[in-house]
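Visitor: Under our numbering, think of the first position of the sequence shown as 376, with each following residue one higher. Just so it is clear, CB atoms sit at the ideal spot from N, CA and C, and this is done for glycine as well. Source: prediction; values computed, not measured.
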Amino acid sequence: MRILPWLSLLALVACSGTSKVDPLPAQDSAAVKTSAVDTVAVNSVAVDSAALDTVSALDSVKTVKEDSTVSEVSFFAIGDVLFHTPLFKACKEDSSKCNYDYVFAPWKKDIQAADIAAVNQETVFVPRSEGYASYPSFGSPEEVGLAEIEAGFDIVTHATNHTIDRRASAVDYTIDFWTGKSAKALGVHKTQAGQDSVFTLDKNGIRFSFVNFTYGLNGQKLPADRPYLVDLLDSNGHWVEMVRKAEAAAEVTVAFMHFGTEYVELPTAEAMAYAEKAIDAGADILVCAHPHVIEPYGIYTTKAGNRALVYWSLGNFVSNQQDISTNLGGVAKFAVRKVVKGESSRLEVSAATLEGSVTQQEVGNYHAIPLSAYSDSLAEHHLLKTKKPELSLKAFEELFQKNLENASKCNTEDPANGLPLEIVNLSVKQDSAKTAAP
Ligand SMILES: [Zn+2]
């Protein structure tokens, strides 16, 4: 992660990060009165404390001068965990072969070093007795979730186009799996009240809210009596209201969006229209997936002038897809900083990078390796090498570089020029605009 040089001069003196639930800032006092937000804040403690076990919060709160403090929260996020047949075949045949820790192992240090780590779990879990399956009706072993917990993820995004591949019962099964675990599943709900609640997480003195939506469900419909089961980018605008609510409930809003067109290297007009709406409703950071290939990232400014950090697509983290581009994923690393000086405070995105990650396909050992650690000798062992002889370190590097250069084609500004990016709470801005009106 890019650390600004002046930060290294800062002295370490305090630790507000050990406070599990920080009081809401004054502007959020209205939000905390709703019971839904209260309930979720309690839920967030479990996630928060789990992450604190592995990360020293002490590193995140520093003083600049006597009268100002800086606290920072670091993030790690990956794209699709997509379990095709070769990934679960051994487990399907032999229940003792379902440990998937190796999938995430090469990235585990980075996952654990981040204050908050998120993974897009593209497929739902099904009971062993119902049969694990690949496309088009994915159902994966719940041991994938156990490996995600072991790796250190705090947030698992489940609103994808495959969420009801195995009907409502598999969504329920998946929600039950995550209940009580140290990671929070987003985008799926058992009740209307659950969908209407905002998930918030307090970390190092900063309150975050998280939302997750998918553009659709591969043509399938949600059960008429359970429309809350999966968070959709619905045409009636319920999702925009959820973003507004999330913005009012926290200082920083992170939206995980499942949209775009598969195998396309740039965000589509439709995806960009959804992003515009999300940012104008208050999303400060968008982390997106679905196209199975990486797309650019950077700072995006809406027509209304609101700015956000956007990762347009993180591609696949692990899958059995058969192109070089679908075997190159993106790892988003970004940080949010709070500077408190006297009575006033300022929030900003302080760092944002994208790192390459290669899906290494080997029999019984599909895993993701940082592009920086990849080599041609690894490429020789890649199962795709016989079909795609051009698969090499250079091929992955060139593709990664091309993606970075594509940012200007989707009006996305290089973060190196736009950071730090100030985070404005739009609900506060809108409220004060109302108050100021004659
Ligand atoms: Zn998808």
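Within its chain, find whatever has a CB closer than 6 Å to the CB of S394; leave out the 5 residues flanking it on each side and keep chain order.
Guide: Locating residue 394 in the sequence shown gives position 19, where the first residue counts as 1. Legend: pLDDT at S394 = 32, less than 50; position of this residue unreliable, value from coordinates given subsequently. Nothing listed; no residue qualifies.
Visitor: Please tell me whether, using a cut-off of 7 Å, the distance from the CB of Y792 to the nearest non-hydrogen atom of ligand 1 is below it.
Guide: One-based indexing of the sequence shown puts residue 792 at position 417. It should be pointed out that residue 792 corresponds to Asn in this sequence rather than to Tyr. Result no, Cβ not under 7 Å from ligand 1.
Visitor: Could you give the C-beta distance for E523 and F500, rounded to a whole number, given that I count them as a contact under 8 Å?
Guide: Residue 523 sits at position 148 when you count from the first residue of the sequence shown. Residue 500 sits at position 125 when you count from the first residue of the sequence shown. Not a contact, Cβ separation roughly 11 Å.
Visitor: Which residue wins for smallest C-alpha separation from E651, given the options A808, E765, V615 and A623?
Guide: Your numbering for residue 651 matches position 276 in the sequence shown. Taking only the C-alpha atoms, the option nearest E651 is V615.
Visitor: If you measure between the beta carbons of L768 and Q736, is that distance less than 8 Å?
Guide: Residue 768 sits at position 393 when you count from the first residue of the sequence shown. Residue 736 sits at position 361 when you count from the first residue of the sequence shown. Cβ distance not < 8 Å, so L768 and Q736 don't count as in contact.
Visitor: So who's on the other strand from R682, going by DSSP bridges?
Guide: Walking along the sequence shown from the start, residue 682 turns up at place 307. Answer is T676.
Visitor: Between the Cα of D655 and those of T498, I798, Q487 and C466, spot the shortest distance and give me the residue it belongs to.
Guide: The residue given as residue 655 occupies position 280 in the sequence shown. Comparing Cα positions, the closest option is I798.
Visitor: Cutting at 6 Å between CB atoms, please list the residues of its own chain near P598, excluding the five before and the five after it.
Guide: Counted from its first residue, the sequence shown places residue 598 at position 223. So the list reads A543, once near-sequence residues are dropped.
Visitor: Taking 8 Å as the cut-off, decide whether the C-beta atoms of D455 and F692 are in contact.
Guide: Numbered from its first residue, the sequence shown carries residue 455 at position 80. Numbered from its first residue, the sequence shown carries residue 692 at position 317. Cβ distance < 8 Å, so D455 and F692 count as in contact.
Visitor: Contact between the region 679-699 and the region 658-669 is defined here as three or more beta-carbon pairs at a separation below 8 Å; is this criterion met?
Guide: Because the criterion of three Cβ pairs below 8 Å is met, the region 679-699 and the region 658-669 touch.
Visitor: If you check the beta carbons only, do E730 and L753 fall under 8 Å apart?
Guide: Position 355 of the sequence shown holds residue 730. Position 378 of the sequence shown holds residue 753. Their beta carbons are not under 8 Å apart, which means E730 does not touch L753 by this criterion.
Visitor: Please confirm whether Q595 and I539 have their CB atoms less than 8 Å apart.
Guide: As a working mapping, residue 595 is identified with position 220 in the sequence shown. As a working mapping, residue 539 is identified with position 164 in the sequence shown. Yes; because the gap between Cβ atoms is below 8 Å, this pair is in contact.
Visitor: For the region 779-795 against the region 605-624, are there 3 or more C-beta pairs whose distance is under 8 Å?
Guide: As far as the Cβ criterion goes, the region 779-795 does not touch the region 605-624, which means the pair count is below three.
Visitor: Per DSSP, Q496 is paired with what?
Guide: As a first step, residue 496 is located in the sequence shown; it is residue number 121 there, counting from the start. Paired residues: V456.
Visitor: What residues are listed by DSSP as bridge partners for M632?
Guide: Indexing the sequence shown from 1 puts residue 632 at position 257. Answer is F588 and C663.
Visitor: Sorry if obvious, but does the Cβ on H742 come closer than 7 Å to a heavy atom of ligand 1?
Guide: Walking along the sequence shown from the start, residue 742 turns up at place 367. Result no, Cβ not under 7 Å from ligand 1.
Visitor: Taking the Cβ atom as the reference point for each residue, do K559 and F574 lie within a distance shorter than 8 Å?
Guide: Locating residue 559 in the sequence shown gives position 184, counting from the first residue. Locating residue 574 in the sequence shown gives position 199, counting from the first residue. Cβ distance < 8 Å, so K559 and F574 count as in contact.
Visitor: Please classify K713 as buried or exposed, where buried requires at least 16 other C-beta atoms within 10 Å of its C-beta.
Guide: In the sequence shown, residue 713 corresponds to position 338, counting from 1. Per the 10 Å Cβ criterion, buried.
Visitor: Pair every Cβ in the region 560-572 with every Cβ in the region 635-643, then say whether three or more of these pairs are closer than 8 Å.
Guide: Short answer: they don't touch.
Visitor: Among all the DSSP beta bridges, which residues are the ones paired with R721?
Guide: Counting from one through the sequence shown, the residue named residue 721 turns up at place 346. Answer is V714.
Visitor: Here's a check: name, in chain order, each residue in its chain whose Cβ is nearer than 6 Å to the Cβ of L462, leaving out the five neighbours to either side.
Guide: Residue mapping note: residue 462 aligns to position 87 of the sequence shown, counting from 1. Excluding residues within five positions, the ones whose Cβ falls inside 6 Å are Y741.
Visitor: Among residues of its own chain, excluding the 5 on either side of K556, which ones have a beta-carbon nearer than 7 Å to its beta-carbon?
Guide: Position 181 of the sequence shown, counted from the start, is the residue given in the question as residue 556. Taken in chain order, the residues that qualify are I524.
Visitor: Just list the residues that DSSP pairs E640 with in beta bridges.
Guide: Here the question's residue 640 lines up with position 265 in the sequence shown. Paired residues: none, contrary to the question.
Visitor: Report buried or exposed for K620, applying the criterion of at least 16 other Cβ atoms within 10 angstroms of its Cβ.
Guide: As a first step, residue 620 must be located in the sequence shown, where it is residue number 245. Buried, because 16 or more other Cβ atoms sit within 10 Å of the Cβ of K620.
Visitor: Check whether the Cβ atoms of F450 and A508 lie closer than 8 Å to each other.
Guide: Here residue 450 is taken as the residue at index 75 of the sequence shown, counted from 1. Here residue 508 is taken as the residue at index 133 of the sequence shown, counted from 1. Contact flag unset, no.
Visitor: Under three-state DSSP, which class holds V851?
Guide: Given a span of 376 to 813 for the chain in the structure shown, any question on residue 851 remains unanswerable.
Visitor: If you draw a straight line from the alpha carbon of E626 to that of L774, how long is it in whole angstroms?
Guide: The sequence position of residue 626 within the sequence shown is 251, counting from 1. The sequence position of residue 774 within the sequence shown is 399, counting from 1. Roughly 36 Å separates the two Cα atoms.
Visitor: For H459, count neighbouring C-beta atoms within 10 Å of its own C-beta (all shown protein chains included) and say buried if the count is 16 or more, exposed if not.
Guide: In the sequence shown, residue 459 corresponds to position 84, counting from 1. Looking at its Cβ environment, which holds 16 or more other Cβ atoms inside 10 Å, H459 is buried.
Visitor: Quick one: Cα of Q696 to Cα of G717, how far?
Guide: Along the sequence shown, read from residue 1 onward, the residue named residue 696 stands at position 321. Along the sequence shown, read from residue 1 onward, the residue named residue 717 stands at position 342. Cα-Cα distance, rounded: 53 Å.
Visitor: Under 8 Å by Cβ, that's how I've got L801 and G657 pegged, so tell me the actual separation to the nearest angstrom.
Guide: By 1-based counting over the sequence shown, the position of residue 801 is 426. By 1-based counting over the sequence shown, the position of residue 657 is 282. So it is a contact: roughly 4 Å between Cβ atoms.
Visitor: Applying the 10 Å Cβ sphere with the 16-neighbour rule, what's the burial state of V519?
Guide: Position 144 of the sequence shown holds residue 519. Classification for V519: buried.
Visitor: Could you give the uninterrupted runs of the beta strand (DSSP E) lying entirely in the region 489-537, keeping only those of 3 residues or more?
Guide: Within the region 489-537, the complete beta strand (DSSP E) runs of at least 3 residues are 491-496 and 530-532.
Visitor: Is it the case that the Cβ atoms of L608 and F631 are separated by a distance below 8 Å?
Guide: If you number the sequence shown from 1, residue 608 lands on position 233. If you number the sequence shown from 1, residue 631 lands on position 256. No.
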